[in-house]
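Chemist:
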Amino acid sequence: MRITMLAGGVGGAKFAKGVRALLRSPQFQRDHPDSALTIVTNVGDDMWLSGLKVCPDLDSIMYALADVNDTTRGWGRQDESERVSAEMGAYGVGWPWFTLGDLDLGTHIARTGLLRDGLTLSAVTAQLCSRWELGARLLPSSDDDVETWVELEPGYDEPEAVHFEEWWVRLRARVPARRFIQRGVDSAQPGAGVVEAIADADVVILAPSNPVVSVGTILGYPGAGGRAGVPGIPGVAEAVRETPAPVVGVSPIIESNPLRGMARQCLEALGQECSAEAVGLAYGSRRSGGLLDGWLVDDADAAALPSLRQTGLSARSAPLWMTDAETSRQLAADTLDFAAHC
Numbered sequence: 205m206r207i208t209m210l211a212g213g214v215g216g217a218k219f220a221k222g223v224r225a226l227l228r229s230p231q232f233q234r235d236h237p238d239s240a241l242t243i244v245t246n247v248g249d250d251m252w253l254s255g256l257k258v259c260p261d262l263d264s265i266m267y268a269l270a271d272v273n274d275t276t277r278g279w280g281r282q283d284e285s286e287r288v289s290a291e292m293g294a295y296g297v298g299w300p301w302f303t304l305g306d307l308d309l310g311t312h313i314a315r316t317g318l319l320r321d322g323l324t325l326s327a328v329t330a331q332l333c334s335r336w337e338l339g340a341r342l343l344p345s346s347d348d349d350v351e352t353w354v355e356l357e358p359g360y361d362e363p364e365a366v367h368f369e370e371w372w373v374r375l376r377a378r379v380p381a382r383r384f385i386q387r388g389v390d391s392a393q394p395g396a397g398v399v400e401a402i403a404d405a406d407v408v409i410l411a412p413s414n415p416v417v418s419v420g421t422i423l424g425y426p427g428a429g430g431r432a433g434v435p436g437i438p439g440v441a442e443a444v445r446e447t448p449a450p451v452v453g454v455s456p457i458i459e460s461n462p463l464r465g466m467a468r469q470c471l472e473a474l475g476q477e478c479s480a481e482a483v484g485l486a487y488g489s490r491r492s493g494g495l496l497d498g499w500l501v502d503d504a505d506a507a508a509l510p511s512l513r514q515t516g517l518s519a520r521s522a523p524l525w526m527t528d529a530e531t532s533r534q535l536a537a538d539t540l541d542f543a544a545h546c
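Quick note on numbering: our numbering labels position 272 of the sequence shown as 476, and the sequence is numbered without any gaps.
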């Protein structure tokens with residue numbers, strides 16, 4: 205079984221570990237030998253900082269699958285030190301509110317050096333990932349520079365627009381966003397192997413990641429009420445619509461609360477309601493030009509199933525909280541079982 209997942213950030217990383225655990229289980233190996241997991245990752249959080257190429261979502265998923273991520277902070281490497289960031293700060297370099305650990309900086313330095321040598325981001329990612337037995341192939345959604353910027357509401361003594369990481373980390377989304385701007389997306393191309401991974405998959409999964417700035421930067425996400433939406437990387441949404449594989453999504457929202465992060469603020473900036481039902485309807489059914497065949501919501505949101513099904517979506521509920529390794533693996537199993545019946 206070839207599984208292709210579109211994901212970003214910590215939620216995507218936790219779900220990816222659950223899928224990998226399921227694929228490695230003895231029963232799954234008996235029924236589906238030589239199964240493979242490919243993860244198409246968001247690049248909209250990427251940035252150039254102090255001359256280094258930083259890829260937060262790629263690294264979060266890589267570190268999590270390598271079991272070297274800092275599970276307490278939720279980002280970066282475990283057992284970190286921050287001597288280099290402190291020294292950079294003494295020189296007035298970098299962002300004082302965006303501290304990178306020394307081990308993490310090693311990743312960024314290696315990546316930047318390989319990019320300067322002429323490798324693509326996809327080739328660099330493959331080389332970095334080869335250090336560990338990840339049990340998955342990571343593909344950047346684009347090899348081109350695509351950065352998510354946030355245009356802020358005026359009157360807050362802030363710049364007109366900031367990088368998404370600054371809005372997220374420094375401002376904690378306290379300043380409302382007017383819209384999200386994907387710089388470079390219009391001329392971007394799908395990353396090496398991305399379209400093929402979607403076309404050749406047996407199952408395509410939209411992970412429970414931020415629908416606006418993670419999955420949205422890959423596929424696009426519509427606005428509502430006259431608000432601007434988020435454009436995706438050209439060609440990727442078309443590949444999802446055309447794949448013969450079932451395409452299912454896992455809701456990142458439970459009872460109007462994001463599983464993690466600031467999806468509520470992102471959705472509100474697009475004029476969208478923060479609910480599992482609203483996100484599923486925004487993705488839409490492939491029968492009517494949307495992206496999904498099925499939408500999995502939490503049991504707490506089961507009341508939304510009839511309205512979702514009326515649009516042509518298959519819809520099912522299951523426990524979505526990934527509180528430990530076993531619940532993450534069970535969610536992966538529920539998702540694949542759902543896909544088999546879409």
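We treat Cβ as the ideally placed atom computed from N, Cα and C, and that holds for glycine. None of these values were measured; they are calculated from a predicted model.
Bridge partners of S518, per DSSP?
Modeler: Paired residue(s): G498.
Chemist: Which class does F384 belong to by DSSP, given the choice of helix, strand or coil?
Modeler: Residue state, collapsed to three classes: strand.
Chemist: Compare the Cα-Cα distances from G310 to each of A449, P448 and G280 and report the closest residue.
Modeler: Answer by Cα proximity: G280.
Chemist: Where do the ends of the beta strand (DSSP E) carrying G453 lie?
Modeler: Element bounds for G453: V451 to V454.
Chemist: Along the chain, where does the alpha helix (DSSP H) that runs through T316 open and close?
Modeler: It spans D306 to R320 - the alpha helix (DSSP H) in which T316 sits, taken as one unbroken run.
Chemist: Grouping DSSP H, G and I as helix and E and B as strand, with all else coil, what is P510?
Modeler: P510: helix per DSSP, three-state reduction.
Chemist: So what does M251 bridge to, in DSSP terms?
Modeler: Its beta-bridge partners are V258.
Chemist: My parser needs the alpha helix (DSSP H) runs of 4 or more residues fully inside the stretch 406-469; what are they?
Modeler: Runs of the alpha helix (DSSP H) inside the stretch 406-469: 419-423 and 440-446.
Chemist: Give the list of continuous alpha helix (DSSP H) stretches no shorter than 4 residues that lie fully inside the stretch 329-410.
Modeler: Complete alpha helix (DSSP H) runs here, min 4: 398-403.
Chemist: Nearest by alpha-carbon distance to G222: which of M526, C546, D541 and H545 is it?
Modeler: The option with the nearest alpha carbon to G222 is M526.
Chemist: Since G395 and L325 should fall inside the 8 Å C-beta cutoff, what is the C-beta to C-beta distance between them, to a whole number of angstroms?
Modeler: With 8 Å as the limit, G395 and L325 qualify as a contact, their Cβ atoms being about 7 Å apart.
Chemist: Using 8 Å as the threshold, is the C-beta distance between D541 and F368 below it?
Modeler: Result no, Cβ atoms of D541 and F368 do not sit closer than 8 Å.
Chemist: In whole angstroms, what separates the C-alpha of A467 from that of C478?
Modeler: Rounded to the nearest angstrom, the two C-alpha atoms are 8 Å apart.
Chemist: So for L227, helix, strand or coil by DSSP?
Modeler: L227 falls in the helix class under three-state DSSP.
Chemist: Reducing DSSP to helix, strand and coil, say where L474 ends up.
Modeler: Correct three-state label for L474: coil.
Chemist: Which two residues bound the contiguous beta strand (DSSP E) that contains A270?
Modeler: Run containing A270: none; DSSP gives neither H nor E here.
Chemist: Along the chain, where does the alpha helix (DSSP H) that runs through L535 open and close?
Modeler: Taken as a continuous stretch (DSSP letters only), the alpha helix (DSSP H) holding L535 covers A529 to A544.
Chemist: Roughly how many angstroms separate the alpha carbons of R431 and Q469, rounded to a whole number?
Modeler: Answer to the nearest angstrom: the Cα atoms are 14 Å apart.
Chemist: On a CA-only basis, which of H236, T245 and P237 is nearest A401? Give me that one, please.
Modeler: Looking at the Cα atoms, T245 is the closest of the given residues.
Chemist: Give the secondary structure of L524 by DSSP, where H, G and I count as helix, E and B as strand, and everything else as coil.
Modeler: The answer is coil: DSSP assigns L524 none of H, G, I, E or B.
Chemist: Among all the DSSP beta bridges, which residues are the ones paired with R206?
Modeler: DSSP output for R206 lists A240 as bridge partner(s).
Chemist: When the Cα of A522 is compared with those of Q514, L509 and D538, which residue comes out closest?
Modeler: Of the candidates Q514, L509 and D538, the one whose C-alpha sits nearest the C-alpha of A522 is D538.
Chemist: Determine whether the Cβ of D283 lies closer than 8 Å to any Cβ atom of chain C.
Modeler: No chain C appears in this structure, which consists of one protein chain only.
Chemist: Could you compute how far the alpha carbon of L495 sits from the alpha carbon of S289?
Modeler: Taking the straight line joining both Cα atoms gives about 42 Å.
Chemist: Tell me the residue span of the alpha helix (DSSP H) that contains R154.
Modeler: Any property of residue 154 remains undetermined from this structure, which presents the chain solely from 205 to 546.
Chemist: Is D406 near the ligand FMN, in the sense that its beta carbon is under 7 Å from a heavy atom of that ligand?
Modeler: Among the components modelled here there is no ligand, and therefore nothing to report on the ligand FMN.
Chemist: Span of the alpha helix (DSSP H) holding G493?
Modeler: Looking at the DSSP string, G493 is not in any alpha helix (DSSP H), and its letter there is neither H nor E.
Chemist: Can you tell me whether DSSP reads S326 as helix, strand or coil?
Modeler: The answer is helix: DSSP assigns S326 an H, G or I state.
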